[in-house]
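Reviewing the structure listed below.
2 protein chains.
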Amino acid sequence: MPIEWTGSGPELLLNVDRNRPEPLRDQLERALRESIRAGRLSTGERLPSSRALARDLGISRGLVTECYAQLQAEGYLVTQGGSATRVAATAQVSSVGLPPSPPTEPVRIDFRPGIPDLSSFPREQWSRALRRACREAPSDLLGSLDPYGDPTLREVLAAYLRRVRGAAADPGHTVVCAGYAQGLHLVLRALMDGGVRTVAFEDPGDPDQRAIAEMLGLGVVGVPVDEGGVDVEALAATDARAVVLTPTHQSPTGVLLAPDRRQALIAWATTRNATVIEDDYDAEFRYDRAPVGALQGLAPHQVALVGSVSKSLAPALRLGWILSPPHLAAAVAHYKQLLDRGSPVIDQLALADLLESGHYDRHLRHMRQRYAARRTALVEAMRRYAPDVELSGLAAGFHTVARLPTGTGEAADPAEQAVIAAGRQRSVGLYGMSAYLFGSRRGPAQLVLGFGNLTPAAIAEGVETVADLLQPR
Amino acid sequence: MPIEWTGSGPELLLNVDRNRPEPLRDQLERALRESIRAGRLSTGERLPSSRALARDLGISRGLVTECYAQLQAEGYLVTQGGSATRVAATAQVSSVGLPPSPPTEPVRIDFRPGIPDLSSFPREQWSRALRRACREAPSDLLGSLDPYGDPTLREVLAAYLRRVRGAAADPGHTVVCAGYAQGLHLVLRALMDGGVRTVAFEDPGDPDQRAIAEMLGLGVVGVPVDEGGVDVEALAATDARAVVLTPTHQSPTGVLLAPDRRQALIAWATTRNATVIEDDYDAEFRYDRAPVGALQGLAPHQVALVGSVSKSLAPALRLGWILSPPHLAAAVAHYKQLLDRGSPVIDQLALADLLESGHYDRHLRHMRQRYAARRTALVEAMRRYAPDVELSGLAAGFHTVARLPTGTGEAADPAEQAVIAAGRQRSVGLYGMSAYLFGSRRGPAQLVLGFGNLTPAAIAEGVETVADLLQPR
Numbered sequence: 000m001p002i003e004w005t006g007s008g009p010e011l012l013l014n015v016d017r018n019r020p021e022p023l024r025d026q027l028e029r030a031l032r033e034s035i036r037a038g039r040l041s042t043g044e045r046l047p048s049s050r051a052l053a054r055d056l057g058i059s060r061g062l063v064t065e066c067y068a069q070l071q072a073e074g075y076l077v078t079q080g081g082s083a084t085r086v087a088a089t090a091q092v093s094s095v096g097l098p099p100s101p102p103t104e105p106v107r108i109d110f111r112p113g114i115p116d117l118s119s120f121p122r123e124q125w126s127r128a129l130r131r132a133c134r135e136a137p138s139d140l141l142g143s144l145d146p147y148g149d150p151t152l153r154e155v156l157a158a159y160l161r162r163v164r165g166a167a168a169d170p171g172h173t174v175v176c177a178g179y180a181q182g183l184h185l186v187l188r189a190l191m192d193g194g195v196r197t198v199a200f201e202d203p204g205d206p207d208q209r210a211i212a213e214m215l216g217l218g219v220v221g222v223p224v225d226e227g228g229v230d231v232e233a234l235a236a237t238d239a240r241a242v243v244l245t246p247t248h249q250s251p252t253g254v255l256l257a258p259d260r261r262q263a264l265i266a267w268a269t270t271r272n273a274t275v276i277e278d279d280y281d282a283e284f285r286y287d288r289a290p291v292g293a294l295q296g297l298a299p300h301q302v303a304l305v306g307s308v309s310k311s312l313a314p315a316l317r318l319g320w321i322l323s324p325p326h327l328a329a330a331v332a333h334y335k336q337l338l339d340r341g342s343p344v345i346d347q348l349a350l351a352d353l354l355e356s357g358h359y360d361r362h363l364r365h366m367r368q369r370y371a372a373r374r375t376a377l378v379e380a381m382r383r384y385a386p387d388v389e390l391s392g393l394a395a396g397f398h399t400v401a402r403l404p405t406g407t408g409e410a411a412d413p414a415e416q417a418v419i420a421a422g423r424q425r426s427v428g429l430y431g432m433s434a435y436l437f438g439s440r441r442g443p444a445q446l447v448l449g450f451g452n453l454t455p456a457a458i459a460e461g462v463e464t465v466a467d468l469l470q471p472r
Numbered sequence: 000m001p002i003e004w005t006g007s008g009p010e011l012l013l014n015v016d017r018n019r020p021e022p023l024r025d026q027l028e029r030a031l032r033e034s035i036r037a038g039r040l041s042t043g044e045r046l047p048s049s050r051a052l053a054r055d056l057g058i059s060r061g062l063v064t065e066c067y068a069q070l071q072a073e074g075y076l077v078t079q080g081g082s083a084t085r086v087a088a089t090a091q092v093s094s095v096g097l098p099p100s101p102p103t104e105p106v107r108i109d110f111r112p113g114i115p116d117l118s119s120f121p122r123e124q125w126s127r128a129l130r131r132a133c134r135e136a137p138s139d140l141l142g143s144l145d146p147y148g149d150p151t152l153r154e155v156l157a158a159y160l161r162r163v164r165g166a167a168a169d170p171g172h173t174v175v176c177a178g179y180a181q182g183l184h185l186v187l188r189a190l191m192d193g194g195v196r197t198v199a200f201e202d203p204g205d206p207d208q209r210a211i212a213e214m215l216g217l218g219v220v221g222v223p224v225d226e227g228g229v230d231v232e233a234l235a236a237t238d239a240r241a242v243v244l245t246p247t248h249q250s251p252t253g254v255l256l257a258p259d260r261r262q263a264l265i266a267w268a269t270t271r272n273a274t275v276i277e278d279d280y281d282a283e284f285r286y287d288r289a290p291v292g293a294l295q296g297l298a299p300h301q302v303a304l305v306g307s308v309s310k311s312l313a314p315a316l317r318l319g320w321i322l323s324p325p326h327l328a329a330a331v332a333h334y335k336q337l338l339d340r341g342s343p344v345i346d347q348l349a350l351a352d353l354l355e356s357g358h359y360d361r362h363l364r365h366m367r368q369r370y371a372a373r374r375t376a377l378v379e380a381m382r383r384y385a386p387d388v389e390l391s392g393l394a395a396g397f398h399t400v401a402r403l404p405t406g407t408g409e410a411a412d413p414a415e416q417a418v419i420a421a422g423r424q425r426s427v428g429l430y431g432m433s434a435y436l437f438g439s440r441r442g443p444a445q446l447v448l449g450f451g452n453l454t455p456a457a458i459a460e461g462v463e464t465v466a467d468l469l470q471p472r
């Protein structure tokens with residue numbers, strides 16, 4: 000039964016309905032709150048007496064009184080010394096609108112790097128593992144969070160990383176985290192406590208990672224990468240006491256850190272009392288040889304390995320791990336505790352289940368074949384449609400670097416931007432190397448092409464669609 | 000077939016076995032890596048020739064060569080100019096032991112505050128919601144994370160918070176986060192960008208929250224709480240431009256922020272251009288009246304509401320939300336992106352499902368009855384076994400403050416500590432108010448007793464067990 004009344008302000012429409020499942024009192028309260036908030040009842044406005052409103056609405060006076068008392072407790076209404084109930088001065092709210100939604104880009108074939116094959120996510124196995132975790136987790140585990148992570152997962156994970164990544168993994172120094180970004184954040188925080196003020200990053204490298212260090216107030220320096228990986232002499236010339244590296248498959252160039260560089264790097268870390276943060280992101284998918292073992296296995300006191308399931312299962316799971324140098328583990332876990340108390344327990348138990356049952360290994364084997372086929376599709380499409388384009392970094396993972404034979408002497412960025420923009424017009428998502436370079440540095444015009452989440456047919460079609468853009472004019 | 004060889008170092012036992020499912024090459028690689036790491040093969044030590052080792056192990060020479068090449072690539076071995084293969088100088092690792100495990104405290108009946116009834120976690124419903132999310136989530140959602148959170152969850156959550164918490168919730172300014180700690184962190188980071196340097200906290204209040212502000216380098220001040228909630232005049236006398244509050248059920252005292260204080264607080268925030276961070280932690284469970292609506296509903300431009308499922312479902316899920324003031328929403332989402340990219344998508348979809356299906360409401364109604372019964376059990380046990388103890392803060396939630404009638408004029412802390420230590424000896428977990436006080440402040444001797452995760456029988460037994468400690472001597 001809607002009623003209207005006219006006070007000093009505009010007409011008010013209050014709508015309460017006995018046929019709705021919501022109790023009448025809740026309906027009235029909500030209607031009044033919303034009217035006040037929206038300004039239909041304005042500041043200082045006098046409300047009808049509880050008797051009058053009860054009569055108009057055909058409900059009990061007690062109900063209206065309770066409702067007024069509730070809204071008074073919440074600060075919407077005021078009653079001063081037995082006088083009438085009025086709308087409180089602070090209760091008015093200017094309108095709160097939605098921000099404009101971002102423009103949608105109609106990308107049909109997207110070579111965005113870093114996205115695994117999402118259609119292969121093992122939904123049924125993950126769902127079953129979650130169900131088992133939900134059913135079998137002891138109640139205590141649902142309440143108390145271990146900032147290091149669930150002990151079962153840490154045991155299983157350490158065994159897996161010893162076996163598959165050649166890591167020196169110890170569950171006591173393993174910390175479960177919400178993916179790589181958080182893992183990096185945690186290790187950097189722990190290093191800051193030890194006096195680290197500057198962090199080196201590979202150049203080219205992922206700009207999002209530098210942003211995390213900058214957020215923490217750290218100085219950031221770039222160290223050039225060549226065919227042998229990061230230039231350790233250039234690193235030693237900086238004042239950095241920490242470096243973030245992708246030694247087994249440099250991101251984005253795809254090179255492998257050379258054996259002598261590995262030795263030099265560890266010597267540097269030992270002499271300088273510095274720490275290497277190893278971003279172990281896609282080494283499982285290697286095509287030319289067995290996966291190269293993690294650097295961490297060689298120097299667990301100097302290297303913090305950070306890994307995640309973002310490439311092996313899906314980014315949306317937000318599960319990762321840190322193999323911390325022993326002396327940093329407590330600090331890493333301390334900051335995990337401050338950041339979010341610990342990672343979700345049921346997800347952790349499900350991952351432990353997947354690892355222990357062997358489903359994780361089988362999934363990786365299956366994906367290696369699948370990515371190998373996509374890699375072949377890309378190489379063949381390029382050979383066919385754009386034979387002058389040179390591909391590199393294809394020994395592992397699911398992205399490649401395509402050098403554009405611009406031959407125009409142009410600086411990289413404009414040439415890349417032109418190709419990217421033209422690709423977007425044809426609904427193909429392309430990504431340039433320039434985004435990975437430090438500061439104002441310029442390199443040859445290159446694209447970084449991800450092929451993990453595209454079928455062989457889509458890869459061929461995508462390459463064909465943009466081939467003329469990639470070839471010399 | 001285990002073999003031994005004696006080099007310049009100690010005897011080496013290499014164990015490879017054709018009957019194990021692991022390929023021979025992997026076995027050999029792992030055995031060598033572990034021997035080097037453990038120091039059984041020491042720096043500079045010369046390895047047998049590939050021919051000799053192959054013969055001893057009864058495996059092909061090519062396999063040994065591959066294995067040596069792999070370990071050279073990983074930095075464990077060096078071969079200089081065609082000479083013998085040796086252990087690299089940096090490959091030695093001193094032992095990496097487990098940290099000592101924390102001493103186990105045999106607490107049988109634990110009155111730890113803040114833990115909901117873990118045995119009531121709706122395992123079956125949560126499991127079903129997860130399964131549906133696993134099966135039905137579009138593949139795209141598994142790869143691209145929205146730092147604001149899943150749009151469906153934000154819609155459903157905003158509708159829920161409008162309906163149940165009287166909030167002015169807008170999905171466009173809602174950010175999903177990993178529970179309260181992260182929510183607070185995100186809002187504080189966003190406020191720092193706006194120049195906030197000092198944050199006020201309720202005194203007494205949760206010390207873990209102050210630690211988050213301190214980690215971020217913020218100044219922290221305490222503002223006293225009395226029967227009407229936080230003292231707004233005292234707040235206005237500080238230079239804080241942000242305050243963290245528990246207006247609907249002060250943690251830990253349990254008082255409700257008085258209506259005039261609500262008005263004064265919002266006036267302060269408006270005048271000072273300050274922000275209130277509302278910790279909306281257990282208001283759903285109110286016993287004396289309908290749940291008091293969130294302060295945020297009254298002043299959505301001045302208040303950031305942070306809530307989570309930690310009290311309503313379980314802390315282990317790590318899911319929460321921020322209703323941000325419109326001008327801060329983009330910064331909050333930006334920092335969410337830097338901190339962990341976004342919350343786990345499947346968990347978010349499961350929560351949306353639980354909210355939409357009405358299971359969440361039904362669960363809360365069920366829990367309200369359950370907590371009411373536990374609250375009654377505590378009140379009755381106290382009346383029976385320790386009638387001189389005064390309880391307060393029982394209008395909502397699942398903890399209470401018990402004032403100890405020490406009557407000895409002692410400072411709070413020693414009296415509390417004595418009771419807590421004596422309780423621990425009887426396997427009862429008790430917690431003191433002193434831990435919630437700022438700095439060196441002293442208050443009356445009080446315990447903060449959580450009863451959410453204890454059955455009525457355990458509550459009665461716990462109170463009986465420690466009753467003599469609580470009474471005047």
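Note that the protein sequences, when read in sequence, are chains A and B. Going by numbering that gives the first Met the number 0, the first sequence runs without a break in its numbering and finishes at 472. Going by numbering that gives the first Met the number 0, the second sequence runs without a break in its numbering and finishes at 472. Glycine included, every Cβ here is placed at the ideal spot set by N, Cα and C. If you're wondering where the values come from, they're calculated on a predicted model, not measured in any experiment.
Check                                                                                                                                                                                                         : Outcome
In this structure, what does DSSP give as the bridge partners for Thr173 of chain B?                                                                                                                          : B:Leu322
Within this structure, are the beta carbons of Gly396 of chain B and Gly292 of chain B separated by less than 7 Å?                                                                                            : no
Please state whether DSSP places His358 of chain A in a helix, a strand or coil.                                                                                                                              : helix
For the segment 105 to 112 of chain A and the segment 426 to 438 of chain A, state whether three or more C-beta atom pairs, one from each stretch, are separated by less than 8 Å.                            : yes
Note the first and the last residue of the continuous alpha helix (DSSP H) segment covering Thr64 of chain B.                                                                                                 : 60 to 72
Determine the chain A residues that contact Asn272 of chain B at a beta-carbon separation under 7 Å, and present them in chain order.                                                                         : Result: empty, since nearest Cβ-Cβ is about 15 Å, beyond 7 Å.
Is Val224 of chain A near Thr237 of chain A, with beta carbons less than 7 Å apart?                                                                                                                           : no
I want to verify the contact list: residues of chain B whose CB lies under 8 Å from the CB of Phe120 of chain A, in sequence order.                                                                           : Ser138, Leu141
So His184 of chain A and Leu338 of chain B are in contact, right, with Cβ under 8 Å, and what is the actual spacing, rounded?                                                                                 : 7 Å
Any chance you could list the beta strand (DSSP E) runs of at least 3 consecutive residues sitting entirely within the segment 273 to 298 of chain B, in chain order?                                         : 274 to 278
The ligand ATP and Gln69 of chain B: does the residue's C-beta get closer than 6 Å to at least one heavy atom of that ligand?                                                                                 : Looking at this structure, you won't find the ligand ATP or any other ligand, since it has none at all.
What first and last residue would you give for the beta strand (DSSP E) that runs through Arg111 of chain B?                                                                                                  : Here Arg111 of chain B belongs to no beta strand (DSSP E), and DSSP marks it neither H nor E.
If we count the other Cβ atoms within 10 Å of its Cβ and call it buried at 16 or more, is Gln79 of chain B buried or exposed?                                                                                 : exposed
If you run the structure through DSSP and keep just helix, strand and coil, what is Thr237 of chain B?                                                                                                        : coil
Report the residues of the segment 340 to 358 of chain B with a CB closer than 8 Å to any CB of chain A, ordered along the chain.                                                                             : Arg340, Gly341, Ser342, Pro343, Val344, Ile345, Asp346
For Glu44 of chain A, name the three-state secondary structure that DSSP assigns.                                                                                                                             : coil
What do you reckon, are the CB atoms on Pro137 of chain A and Arg153 of chain A nearer than 7 Å?                                                                                                              : no
According to DSSP, simplified to helix, strand and coil, what is Val86 of chain B?                                                                                                                            : strand
Which full runs of the alpha helix (DSSP H) of 4+ residues lie inside the segment 183 to 254 of chain A, going along the chain?                                                                               : 206 to 214, 231 to 235
Going by Cα to Cα distance, which pick from A:Leu52, A:Pro290, A:Pro121 is closest to Asn14 of chain A?                                                                                                       : A:Leu52
At the level of alpha carbons, what is the spacing between Pro290 of chain B and Leu56 of chain A?                                                                                                            : 24 Å
By the DSSP assignment, the alpha helix (DSSP H) with Ser478 of chain A in it spans what residues?                                                                                                            : Outside the shown range of chain A (0 to 472) lies residue 478 of chain A, about which nothing can therefore be said.
Taking Cβ-Cβ distances shorter than 7 Å, what residues in chain A pair up with Ile114 of chain B?                                                                                                             : Gly142
Do you know whose CA, among A:Tyr286, A:Glu463, A:Ala298, lies nearest Glu33 of chain B's CA?                                                                                                                 : A:Ala298
To the nearest angstrom, report how far apart Phe450 of chain A and Leu117 of chain A are at their CA atoms.                                                                                                  : 12 Å
From Asn209 of chain B to Ile114 of chain B, what does the alpha carbon distance come to, in whole angstroms?                                                                                                 : The residue you asked about is not Asn; residue 209 of chain B is Arg in the sequence shown. Cα to Cα, the separation comes out at about 20 Å.
How big is the Cα-Cα spacing for Pro22 of chain A and Val155 of chain A?                                                                                                                                      : 51 Å
Whole-angstrom Cβ separation of Arg19 of chain B and Glu44 of chain B, contact assumed at under 8 Å?                                                                                                          : With a Cβ gap of about 26 Å, Arg19 of chain B and Glu44 of chain B do not count as contacting.
Take every Cβ of the segment 368 to 377 of chain B, pair it with every Cβ of the segment 450 to 462 of chain B, and state whether three or more of those distances are shorter than 8 Å.                      : yes
Could you tell me which residues DSSP pairs with Leu390 of chain B in its beta bridges?                                                                                                                       : B:Ala401
Assign Asn452 of chain B to one of two classes, buried (16 or more other C-beta atoms within 10 Å of its C-beta) or exposed (fewer than that).                                                                : buried
Does the segment 190 to 206 of chain B come into contact with the segment 347 to 361 of chain B, if we say contact requires no fewer than three beta-carbon pairs (one atom in each stretch) closer than 8 Å? : no
For a contact defined as C-beta to C-beta under 9 Å, what are the partners of Val291 of chain B on chain A?                                                                                                   : Gln69, Ala72, Glu73
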